[in-house]
Amino acid sequence: MFFEPDQFEWTPHLEAAFPLIRAEFDQLKAEDALPWPETFLYNQNWEVFGLYAFGRKMKGNCQKCPQTVAALEAIPGLKTAGFSILHPGTRIQPHVGYSDQVLRCHLGIHVPKDCCLQVAGITKTWQEGKLLIFDDTFEHSAWNGGDRNRIVLLLDFLKPECIKNEVTTA
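Numbering (our numbering), first residue to last: 2 to 171.
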């Protein structure tokens, strides 16, 4: 299930920060990224450069991307964020997310041709500088049939109703 970005008030700010975010990613070194930990999900090379995990900053990485972090800090309920790097020929097998309390968002950073995201049978393509937001508890998969790496800024944020509950129960 996909959501329109304009359903969330922070999305124009994140899209507007795209040139700065892309420039920071382009300054990172290839060895800074780590293999995506769930290796059973993909056939070749999928890497991540993490910025936030479980709502906490990964300080060393965040220092390398201060403008990206500034843009992320405007997102209510941010839980996870980082650059997802899908190498040419890589397929991520159909799978589901772990929490029904978050939505997943991708900001296209570098998007070659023949790259797609499929959620609940609906296939979409990323666009550089644009957001795709979806509920990852629905079965989803992705692939890069292009000739260069597909890069997105991947993030998970609490659903609005879960933010309200988190504030109420705190």
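Beta carbons: idealized from backbone N, C-alpha and C, even for Gly.
Fair warning: this is a prediction, and the values are worked out from it, not measured in the lab.
Nearest to residue i (by Cα), restricted to the options the options
| i | options | result |
| --- | --- | --- |
| H141 | L154, L104, C163, G109 | L104 |
| Q102 | T81, D27, A24 | T81 |
| D27 | S100, P161, N150, F158 | N150 |
| A31 | P20, N46, L21, A17 | N46 |
| F3 | H107, C66, V112 | H107 |
| I110 | L87, C163, C63, F135 | L87 |
| Q94 | L73, G56, V120, A72 | V120 |
| L118 | S85, S100, A24 | S85 |
| C116 | Y99, I152, D136 | I152 |
| D148 | P36, G83, T91, I164 | T91 |
| G175 | P77, S100, M59 | Within the shown structure, residues of the chain are numbered from 2 to 171, placing residue 175 beyond reach of any answer. |
| R57 | E162, L156, K160 | L156 |
| Q128 | L154, D136, G122 | L154 |
Integer-rounded CB distance, given that residue j should sit under 8 Å from residue i
| i | j | result |
| --- | --- | --- |
| V97 | T138 | 6 Å |
| W11 | A75 | 5 Å |
| Q158 | L52 | Contrary to the premise, residue 158 reads as Phe rather than Gln in this sequence. Not confirmed; about 13 Å, so no contact. |
| I22 | A72 | 6 Å |
| P35 | E48 | The question names Pro, but residue 35 in the sequence shown is Leu. Sure, about 6 Å apart at Cβ, within 8 Å. |
Cβ-Cβ distance between residue i and residue j below 9 Å
| i | j | result |
| --- | --- | --- |
| K50 | G130 | Note that residue 50 is Phe in the sequence shown here, rather than Lys. In this structure, G130 does not lie closer than 9 Å to F50 by Cβ. |
| K114 | G146 | yes |
| L132 | L29 | no |
| I134 | E5 | yes |
As an exercise, report each continuous beta strand (DSSP E) stretch of at least 3 residues that is fully enclosed by the region 61-142, in chain order. 79-87, 92-96, 103-111, 116-120, 123-125, 132-135
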